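Residue numbers (the numbering used here), protein chains in the order written: chain D, 1 to 206; chain R, 1 to 224; chain L, 1 to 60; chain G, 1 to 247.
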């Protein structure tokens, strides 16, 4: 369970938000919305531990995430604006290397199977720079399939995806939640996940 | 998976990327070859003089060639989000950074070591001096990659980072230059290079210990 | 107690006048210019702060 | 420069008026030590048997070299404290010290050149001390340039701190490597270490000039840190309520 208490965020001279409180439990997800520049991405980077916390506390099962270190990083899967793909490497290589850096061994066959699930069968050996934006995003999202992390933090995961891929991602999220996972997702459009209503969290300009 | 296999995964990835982008790798090697070959043209073909300046010329050219390749050490990973994922990996970031530095040395330092004897022949160095030259570069180029990584991480995403990285790292390269070029010189003048080489090795050991740590700190600042 | 016999001798510095006065002069110049630059920096900050505040007061 | 008197003064809000009160005292000390030191060095001290009147340059040269090295260590100390304990004031102190340190490094090089010309017949020799002073000057420039290139002051503080700490580990390594290099290449140069044994008056004069430079550095650091505080904390209540801002 992730608990956020009295969280504040300052960027330069501006205070983006303060006194933010929320919690997320197993089998639940939060739909984070708000205008551009209210601090959605900053909040997500704080939640995964990339950005320092100005004030307040983020706790994972009651322990501040600062003191958890690697244990917390093992529990989180983050997908940011960037796809974290190497343009020169093939989709398969990107998947294997990305998993290996996170400490998970993924063979070529396993990687191909995951790529087939995101609809990229037959493109495993193509350097990523030849793929379209939507296809690159799918390769990036394949990270969710090998990740063993219970908490998914996804920043605009639906951008550049076609309807089929959106449906696939919604189903994947539903399965993750059904298995006891949690997710925090930002998106500008409505997201419906079968059998699960989102907690709505809307950041407003202070 | 053990920490060491994660280290190897990073090395393997960076080597694969470098293999697919050969032109960038070859640029700094050719730069090294051309700079060294230009010196006789600027100074004159007297072999006595060339033999005397050879260690310094080769070492300064190696410093500059390393500088040339430093900018891409972290910049691409920063731009495409890989660095964020590395920071979020459940292993110490210093280990991954160490892997990147090692890969950087394999791609931009090791070729210099291997080509150096060919260039040394242009300067009429004897076979023993060539051996010492290779040994000094073998100990010295990893040192250049390690110290350079700190500068590259500090200037990540900073205005005019390319020029700034030279200003930050070149003064720190002074001991490596002195002991590296000094080893070859000492060998030529018959004083024996052992002292210089062991000091160079000592500095390398120190840098292996400290540099990834400082680089990690600088990268975390850049990621905030 | 004073080592010199005349003012002229003092300024000549035994023929080293250029070097000695070049050194002391450069130090004196640097030690005078730096505080002046800092005073300028301070007055610029204060002026811009006062301007910002007066704009804020006008708005209220 | 001094240990903070109490933790209360670790916040810019409280340190700003304290620094303002301290400045006149340190100005007075600077002037007293300066006048006394110059009196001894230029007027009272007798000539040097080997170097004639030209030796009087060491009164400023040695003091400037000492200060440039001392200030680098102090700067790295404050930068490290700022990085470790996340105290804004310490980082501001480090940024405030750097330009003064760089200036003393430059003065050391300048006066060294003016000393070298009459003594060794050349403006520049690759003497171990001059060479390492030159590299120290570059280290200062790197610190200042890095901080100037980063817009976000907190990021600039942290990046500068890492550079300063890496530099401070390197300063002794650089110094010894240059010294070793120099002794191996012993050419025509006369080393500064061969200066004749000094008379008591000369030594006292040199110490007084060094003290004057030290007090001066404190004054400059305090003046600059006050300006930095006003610039960085411009949107805070305490700055808006200062009587020099809102008369």
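Idealized CB from N, CA, C, for every residue including glycine.
As the structure is a computational prediction, the values presented were derived from the model and not from experiment.
Could you tell me the alpha carbon to alpha carbon distance between residue i and residue j, rounded to whole angstroms?
i, j, result
"residue 145 of chain D", "residue 133 of chain D", "20 Å"
"residue 14 of chain R", "residue 17 of chain G", "54 Å"
"residue 103 of chain R", "residue 189 of chain R", "35 Å"
"residue 54 of chain L", "residue 243 of chain G", "14 Å"
"residue 158 of chain R", "residue 74 of chain R", "12 Å"
"residue 57 of chain D", "residue 103 of chain G", "44 Å"
"residue 201 of chain G", "residue 23 of chain L", "20 Å"
"residue 13 of chain L", "residue 221 of chain G", "34 Å"
"residue 39 of chain D", "residue 129 of chain G", "52 Å"
"residue 49 of chain D", "residue 153 of chain R", "19 Å"
"residue 97 of chain R", "residue 86 of chain R", "9 Å"
"residue 159 of chain D", "residue 78 of chain R", "21 Å"
"residue 68 of chain D", "residue 177 of chain D", "23 Å"
"residue 174 of chain G", "residue 39 of chain G", "36 Å"
"residue 167 of chain D", "residue 33 of chain D", "20 Å"
"residue 9 of chain R", "residue 147 of chain G", "35 Å"
"residue 126 of chain D", "residue 136 of chain D", "11 Å"
"residue 71 of chain G", "residue 122 of chain R", "46 Å"
"residue 12 of chain R", "residue 107 of chain R", "11 Å"
"residue 93 of chain D", "residue 89 of chain R", "18 Å"
"residue 116 of chain D", "residue 219 of chain R", "35 Å"
"residue 17 of chain R", "residue 154 of chain D", "27 Å"
"residue 260 of chain G", "residue 41 of chain G", "No answer is possible for residue 260 of chain G: the residues shown for chain G start at 1 and end at 247."
"residue 61 of chain D", "residue 83 of chain R", "27 Å"
"residue 64 of chain G", "residue 176 of chain G", "20 Å"
Sorted by chain position, which residues of the same chain lie with C-beta nearer than 8 Å to residue i's C-beta, five sequence neighbours on each side aside?
i, result
"residue 72 of chain R", "24"
"residue 240 of chain G", "246"
"residue 170 of chain D", "191, 192, 193 and 194"
"residue 140 of chain D", "79, 83, 84 and 85"
"residue 117 of chain G", "123"
Given residue i, which residues of its chain have a CB within under 6 Å of its CB, disregarding the five upstream and five downstream residues?
i, result
"residue 139 of chain G", "167"
"residue 155 of chain R", "161, 164 and 165"
"residue 145 of chain R", "101, 104, 105 and 109"
"residue 189 of chain G", "With a pLDDT of 40 at residue 189 of chain G, under the threshold of 50, the modelled position of this residue cannot be trusted; read the value that follows with caution. Here the set comprises 125 and 127."
"residue 30 of chain D", "24, 184, 199 and 201"
"residue 99 of chain D", "106 and 146"
"residue 237 of chain G", "none"
"residue 111 of chain R", "29"
"residue 91 of chain R", "3 and 6"
Counting along the chain, where does the alpha helix (DSSP H) carrying residue i start and finish?
i, result
"residue 85 of chain R", "82-87"
"residue 24 of chain L", "17-59"
"residue 66 of chain R", "47-70"
"residue 126 of chain G", "Premise fails: residue 126 of chain G is in no alpha helix (DSSP H) and is neither H nor E."
"residue 180 of chain G", "153-184"
"residue 173 of chain R", "It is not in any alpha helix (DSSP H) - residue 173 of chain R carries neither H nor E in the DSSP assignment."
"residue 90 of chain R", "Careful: residue 90 of chain R lies outside any alpha helix (DSSP H) and carries neither H nor E."
"residue 213 of chain R", "194-223"
"residue 227 of chain R", "With chain R represented from 1 up to 224, any question about residue 227 of chain R goes unanswered, as that position is not in the structure."
"residue 221 of chain G", "200-232"
"residue 143 of chain D", "143-146"
State the start and end residues of the unbroken beta strand (DSSP E) segment that holds residue i.
i, result
"residue 22 of chain D", "14-24"
"residue 33 of chain D", "29-33"
"residue 4 of chain L", "Segment: none, residue 4 of chain L is in no beta strand (DSSP E) and carries neither H nor E."
"residue 152 of chain D", "151-155"
Determine the DSSP secondary structure at residue i, reduced to helix, strand or coil.
i, result
"residue 36 of chain G", "helix"
"residue 5 of chain D", "strand"
"residue 182 of chain D", "strand"
"residue 202 of chain D", "strand"
"residue 21 of chain R", "coil"
"residue 150 of chain G", "coil"
"residue 138 of chain D", "helix"
"residue 11 of chain D", "strand"
"residue 196 of chain D", "strand"
"residue 36 of chain R", "helix"
"residue 97 of chain R", "helix"
Keeping to the same chain, check which residues put their C-beta closer than 7 Å to that of residue i; ignore five residues upstream and five downstream.
i, result
"residue 13 of chain G", "238"
**OP:** Would you list, in sequence order, the uninterrupted beta strand (DSSP E) runs of no fewer than 3 residues that lie entirely inside the stretch 42-102 of chain G?
**Re:** none
**OP:** Could you pull out every unbroken alpha helix (DSSP H) segment of at least 4 residues lying fully inside the stretch 48-130 of chain D, listed in chain order?
**Re:** 70-75, 91-101 and 108-117
**OP:** Pull out every residue of the stretch 38-51 of chain L whose Cβ sits closer than 7 Å to any Cβ of chain C, in chain order.
**Re:** Here the protein chains are D, R, L and G, and chain C is not one of them.
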